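Chains as they are written, first to last, in the numbering used here: chain A, 140 to 413; chain B, 140 to 413. Positions of the beta carbon are idealized from the N, C-alpha and C atoms, including for glycine. Quantities reported herein were computed from a predicted structural model and do not represent experimental measurements. A short write-up of the structure that comes next.
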């Protein structure tokens, strides 16, 4: 089936990578709202307005299913996508929650994400709903996004930033940590080192790709960021990349997020004045 | 006279602070495009489109003069503001360039800013135009913005980040460094320590405030971030703060940028779908 993948910017390309590992032959349309990224610093109302325009765009292009790769949009506006998109809609919160519940033995789970995702408490609410009594500790980590985009994913600076954000979560004795932002998988090694060996990282990008494969009845092979079989990930023509701002910083970092060369992005116009 | 002050977000409040030190009785309208901040990662076309809508909004509110506090908008779209705003328009580039020329003895000047400002080379072009043969070295410092917004302005992390960005400029032997982003004055102490005693920092926020005072024929007392006489900086009613996204992260950081408590922001609607 043809998937529409929505993200506020470039981060959703980590979902595309995971999706293509599991469903390499499914065509996809990717929409990155690069003219208005990042969503994680905006209000609920603004995110919902942007979500409406994105849902209409991807529905109009005839995707069969929709993946909301953006954690902020999943947390604040999944119902908007469900209302406006005719097919199945997968957000990143539910698959991340499911994998966190499977991963935790202690019942103490951590969640990290953008300020808006953390303020929304979308992961925490769902975790407590499915397992009453679970302990959820969360932290917003705004510096992680520019670190990932700069490619400063290893070394002293990311280690110190991670220590500052994550030490309180470590002190709570969590044994599973949800990476509730599509940028964070690029910092997974540093985050894992900071948290220590006893903490499982739950990559919400990989989790939603597994949920999409499950939706199609495909086997749930673990998705990761390994090399793909043929080196080519997206096929021009079959797979299309749309952005609301064709210039800016997107091109410079997209290949790193996708883990492969990117086809030329096309310009999406959302609403009269997106 | 009544000033309109435009910024992509919260950073322009450093300009408001400097302006109110020099022109405490002038009323002002501040517009922060918080629904679409940051401009520094976007393309020229997108910044110019956003600038058009901002210029029309502030012109419609009857300001006498306009200060474009956003370095990215000043670098990429000052002509848009000049075309659409009936009164005088001051960008941050020209005052910053003038003060850098006054500050340098060696003729080697550094410029730091967002990726878009640095790519535009607006400071470099103007510096070379006014002083042919000047040596300009520049660097984009994307991590500085979230560091300022997190309030991580002192200590090991900002020092390491500053060292990574600024060491190449130091190696070029510059003796003046333009802070070409309104967020950077919050990191001035760290930047100054990193560059060493022989390098003058040129604060483009303070520079444009001095240019505004000069425009009114007021004495050019040095603007800084010192305490204001009466503790009150903006007066509700006389001074108005407009934002395109009233929620999100703006309120949490605005007081720190202004250096004083902020009146309740009002919502500005730019274009039909800002």
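| message | For residue 367(A), would you say it is in contact with chain B, using Cβ-to-Cβ distances shorter than 8 Å as the test? | response | If you number the first chain from 1, residue 367(A) lands on position 228. Since pLDDT at residue 367(A) reaches only 47, below the 50 mark, its modelled position is unreliable, and the value read off the structure follows with that caveat. Not closer than 8 Å to any Cβ of chain B, the Cβ of residue 367(A) fails to qualify, so no.
| request: Closer than 8 Å by beta-carbon distance: list the chain A residues that pair up with residue 187(B), in chain order. | output: For the purposes of this step, residue 187(B) is taken as the residue at position 48 of the second chain. Per Cβ cutoff of 8 Å: no residues; residue 187(B) is ~11 Å from chain A at best.
| field | 8 Å contact criterion, which residue 255(B) and residue 178(B) should meet: CB distance rounded | value | As a first step, residue 255(B) is located in the second chain; it is residue number 116 there, counting from the start. As a first step, residue 178(B) is located in the second chain; it is residue number 39 there, counting from the start. Contact holds; Cβ gap of about 7 Å.
| Could one say the Cβ of residue 285(A) lies closer than 8 Å to chain B's Cβ atoms, at least one of them? | The count along the first chain starts at 1 and reaches residue 285(A) at position 146. Output row for residue 285(A): interface = yes.
| request: Kindly indicate which three-state DSSP category residue 224(A) falls into: helix, strand or coil? | output: For the purposes of this step, residue 224(A) is taken as the residue at position 85 of the first chain. Coil.
| Residue range of the unbroken beta strand (DSSP E) whose run includes residue 144(B) | As a first step, residue 144(B) is located in the second chain; it is residue number 5 there, counting from the start. Looking at the DSSP string, the run of the beta strand (DSSP E) that includes residue 144(B) is 142-146.
| So the beta strand (DSSP E) residue 277(A) belongs to, where does it begin and stop? | Looking up residue 277(A) in the first chain gives position 138. Here the beta strand (DSSP E) through residue 277(A) covers 274-279.
| Which stretch, first to last residue, makes up the alpha helix (DSSP H) that contains residue 314(B)? | The count along the second chain starts at 1 and reaches residue 314(B) at position 175. From DSSP, residue 314(B) is part of no alpha helix (DSSP H); its letter is neither H nor E.
| task | Please look up how many angstroms separate the CB atoms of residue 341(A) and residue 315(A), rounded, as I've assumed it's under 8 Å. | result | On the first chain, position 202 is the one that residue 341(A) refers to. On the first chain, position 176 is the one that residue 315(A) refers to. Correct: roughly 6 Å between the Cβ atoms.
| field | Proximal residues to residue 228(B) (C-beta, below 6 Å), its chain only, five neighbours per side dropped | value | Your numbering for residue 228(B) matches position 89 in the second chain. Excluding sequence neighbours, residue 228(B) sits near 205, 220 and 221.
| request: Mind listing, in chain order, the continuous beta strand (DSSP E) runs of no fewer than 3 residues lying wholly within the region 140-201 of chain B? | output: 142-146 and 167-171
| request: Tell whether a beta-carbon distance below 8 Å holds between residue 249(A) and residue 330(A). | output: The residue you call residue 249(A) lines up with position 110 of the first chain. The residue you call residue 330(A) lines up with position 191 of the first chain. For residue 249(A) and residue 330(A), no; Cβs fall outside 8 Å.
| message | Using C-beta distances below 7 Å, list every residue in its chain close to residue 195(A), excluding the 5 sequence neighbours before and after it, in chain order. | response | To locate residue 195(A), count along the first chain from 1; it is residue 56. Result list for residue 195(A): 223, in chain order.
| field | Contact under 8 Å by Cβ, residue 300(A) with residue 296(B) | value | By 1-based counting over the first chain, the position of residue 300(A) is 161. By 1-based counting over the second chain, the position of residue 296(B) is 157. Cβ distance < 8 Å, so residue 300(A) and residue 296(B) count as in contact.
| query | Counting along the chain, where does the alpha helix (DSSP H) carrying residue 343(A) start and finish? | reply | Taking the first chain and counting its residues from 1, the one referred to as residue 343(A) is at position 204. Per DSSP, residue 343(A) belongs to the alpha helix (DSSP H) from 343-354.
| query | Under a Cβ-count criterion, where at least 16 other Cβ atoms within 10 Å of its own Cβ denotes burial, should residue 181(A) be classed as buried or exposed? | reply | On the first chain, residue 181(A) is found 42 positions in, with the first residue counted as 1. With 16 or more Cβ atoms within 10 Å of its Cβ, residue 181(A) is classed as buried.
| request: Use the C-beta contact count for residue 282(A): other C-beta atoms within 10 angstroms, 16 or more gives buried, fewer gives exposed. | output: Here the question's residue 282(A) lines up with position 143 in the first chain. Buried is the call here.
| Alpha-carbon to alpha-carbon, residue 243(B) and residue 210(A) | Along the first chain, read from residue 1 onward, the residue named residue 210(A) stands at position 71. Along the second chain, read from residue 1 onward, the residue named residue 243(B) stands at position 104. When rounded, the distance between both Cα atoms is 47 Å.
| said: Can you pull out the residues from the region 265-289 of chain A whose beta carbon lies closer than 8 Å to at least one beta carbon of chain B? | reply: 281, 282, 284, 285, 286, 288 and 289
| request: Name the two residues that bound the continuous beta strand (DSSP E) containing residue 249(A). | output: By 1-based counting over the first chain, the position of residue 249(A) is 110. Counting along the chain, the beta strand (DSSP E) containing residue 249(A) begins and ends at 247-252.
| query | On the three-state DSSP scale, how would you describe residue 403(A)? | reply | Along the first chain, one-based indexing puts residue 403(A) at 264. Of the three classes helix, strand and coil, the one that applies to residue 403(A) here is coil, per DSSP.
| Roughly how many whole angstroms lie between the Cα atoms of residue 159(B) and residue 186(B)? | Mapped onto the second chain, residue 159(B) falls at position 20. Mapped onto the second chain, residue 186(B) falls at position 47. Looking at the two C-alpha atoms, the distance is approximately 27 Å.
| query | Which full runs of the alpha helix (DSSP H) of 4+ residues lie inside the region 372-401 of chain A, going along the chain? | reply | 389-397
| C-alpha distance - residue 386(A) paired with residue 247(A), whole-angstrom precision | Position 247 of the first chain, counting from 1, holds the residue named residue 386(A). Position 108 of the first chain, counting from 1, holds the residue named residue 247(A). Taking the straight line joining both Cα atoms gives about 43 Å.
| field | Opposing strand residues paired with residue 229(A) [DSSP bridges] | value | Here the question's residue 229(A) lines up with position 90 in the first chain. DSSP, once it has assigned bridges, lists 206(A) as partnering residue 229(A).
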